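First comes the structure, then the notes that go with it.
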Amino acid sequence: MEDVSDPPFRALCKEQGADVVYTEFVSSEGLIRNAAKSVMKLDIYEKERPVGIQIFGANLDSMLQTIDIVAESKPDIIDINFGCPVKKVVSKGAGAGILKDICLMEKLTAEMVKRTNLPITVKTRLGWDHDSIKIVDVAERLQDVGCKAIAIHGRTRAQMYKGEADWKPIAAVKNNPRMHIPVFGNGDVDSPEKAALMRDEFGLDGAMIGRASIGNPWFFKQVKHFFETGEHIAPISLEERVEAARRHLQMAIDWKGEILGVFETRRHYTNYFKGIPHFKEYRMKMVTSDHSEDVFAAFDEVLEKFSDYQFTH
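So, in C-alpha cells, the structure goes:
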C-alpha cells in the first residue's frame, strides 16, 4: 500500500467504516536519517483513530531508534511489516526477507516490545516459500515475546501476489490452542462474501483489507452492511464516485502539494470508475494530466458524459 494508504485515503476509508487504519510502511533506515518522505508518513490525525504506524527494517539498533521516533507521533499501534515481498525491501533482509531468519524476527519483535508501552503488532506471510511454511510456530513465538496481534497474508514471499491466497494455514494459527492474541487474515478479500467466509468458516478475528480498497473506500461499508443484513447495499452512484475522487485529489494536494498530490492519486481512478464502457479517453486524461485543474475538469466531463450510466455493483 506504498503511496496508497496516506492520510487522504485513510480519511475516506474511515468515513466508510474501516475500523482500524494503517499508514504506508515507513523505512526505519529512512526515518533515522530524517528522510523527508519517511518523516512525512508519520502524519496522523485524530479523526483516523485508532491508527497504526507500520514500520519495516532488519537492523535492531535502527528499529529501536525508529520506535522512539514513531512513539512521538502518538499512534495507537506500532505495526512491524515482516511481509512486504518487494525486492528492494527483501534484499536488505526486511519485510518478507526476514522470513529466512525466524530467530531474528523473534528477537526484533521482543526488543521492540520492551522499548515501548504502545502495542506492537505484526504483519507477515505464510513463509519464504512453500517448503518453509512454519507460520503456526512463528505466530506462537511472536505472541510469546509480546506481540499483541498478528495479520497473515495467505501467500509465501515466493508467490508474491500470484495464485490464490491460502487461508487454511492462517486458520491453523487461530486454532492453535496456545494462541490467545487476535489473528487477522489478509489476501484476496475482495467481496463481502469473502470477508464473511474468512470470519465464519475460517474463524479469524478480522480481515486486513488492502488492494480491494484502492479506488473503492466504500468496501468497508459494503462488508459491514452484508454482515448485518446478508444483503448488498445499492451500487455506489456516479455522483458519489466523482465526489470521492474530487475530495481525494483535493486532500492529497492539501497534504503533499500539487505535483505529488496529482501523481500519487492516479492509481485510484481506474477503480473509482470501473465498469463504465468506453472510458479510456477520460481515464487517460486523469492519469496523464500533470495539473489538478485538468483532472478536476475530467471529473466534470465524466459526470456529464455518463450521467445515465447505472453501476451494477
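The numbers in the sequence shown follow the working numbering, run straight up by one, and end at 295.
Glycine included, C-beta positions come from ideal geometry on N, C-alpha and C.
Model, not experiment: these values are computed from the prediction.
Taking its Cβ as the centre, do 16 or more other Cβ atoms sit within 10 Å of residue i, making it buried, or is it exposed?
i, result
"K238", "buried"
"A216", "exposed"
"P32", "exposed"
"C(-5)", "buried"
"H135", "buried"
"Y143", "exposed"
"I241", "exposed"
"F209", "exposed"
"K70", "exposed"
"N63", "buried"
"M268", "buried"
"V(-7)", "Rather than Val, the amino acid found at residue -7 in this sequence is Ala. A(-7) should be labelled buried."
"M233", "buried"
Contact defined as beta carbons within less than 8 Å: I believe residue i pairs with residue j. What is the distance between those atoms, to the nearest angstrom?
i, j, result
"I117", "G128", "The pair is not a contact, with the Cβ atoms about 18 Å apart (cut-off 8 Å)."
"T106", "G65", "5 Å"
"K78", "R139", "Inspection of the sequence shows that residue 78 is occupied by Ala rather than by Lys. At roughly 4 Å, the Cβ-Cβ gap stays under 8 Å, so A78 and R139 are in contact."
"M161", "A121", "7 Å"
Cα-Cα, which of the options is closest to residue i?
i, options, result
"L231", "Y251, I215 and L220", "Y251"
"G34", "N16, A18, D1 and G65", "D1"
"V171", "L186, I152 and A194", "A194"
"S55", "V21, E175, K267 and D148", "V21"
"M180", "G192, G167 and I37", "G167"
"F293", "E275, I235, M233 and I218", "I218"
"H112", "K82, K89 and V8", "K82"
"F(-9)", "R249, D182 and R265", "R249"
"V(-14)", "V205, Q(-2) and G192", "G192"
"Y291", "A78, A53, K206 and H260", "H260"
"T103", "E275, Q125, L86 and V205", "Q125"
"L13", "V165, V277, A(-7) and D50", "D50"
"I132", "K287, I60, K267 and D236", "I60"
"P151", "I163, P159, R137 and R160", "R137"
"S299", "P57, F38, L285 and R15", "Outside the shown range of the chain (-17 to 295) lies residue 299, about which nothing can therefore be said."
"G188", "I163, Q141 and V120", "I163"
"H273", "G243, S10, D58 and A121", "G243"
"E286", "M87, L220 and D236", "L220"
"Q(-2)", "V205, A18 and H214", "V205"
Heavy atom of the ligand SAH less than 6 Å from the Cβ of residue i, yes or no?
i, result
"I152", "Absence of the ligand SAH from the depicted structure is noted, as is the absence of any ligand whatsoever, leaving it without description."
Step through the CB atoms of chain B and report whether any lies within less than 7 Å of the CB of residue i.
i, result
"R193", "Note that chain B does not occur in the displayed structure, where there is just one protein chain."
Open item on the list: For the pair the segment 221 to 229 and the segment 8 to 28, tell me if three or more CB-CB distances fall below 8 Å.
Closed with: no
Task: Those runs of the beta strand (DSSP E) which lie wholly inside the segment 60 to 105 and span at least 3 residues - done: none
TODO: Could you say if the segment 152 to 164 and the segment 87 to 102 meet the contact criterion of at least three C-beta pairs nearer than 8 Å?
DONE: no
TODO: Could you say if the segment 241 to 258 and the segment 191 to 208 meet the contact criterion of at least three C-beta pairs nearer than 8 Å?
DONE: yes
Task: In chain order, each alpha helix (DSSP H) run of at least 4 residues that lies wholly inside the segment 207 to 275 - done: 220 to 238, 240 to 246, 251 to 254 and 262 to 270
Task: Runs of beta strand (DSSP E) wholly within the segment 121 to 174 (minimum 3 residues, chain order) - done: 132 to 135 and 165 to 168
Task: Contiguous beta strand (DSSP E) assignments of at least 3 residues, all confined to the segment 15 to 51 - done: 33 to 38
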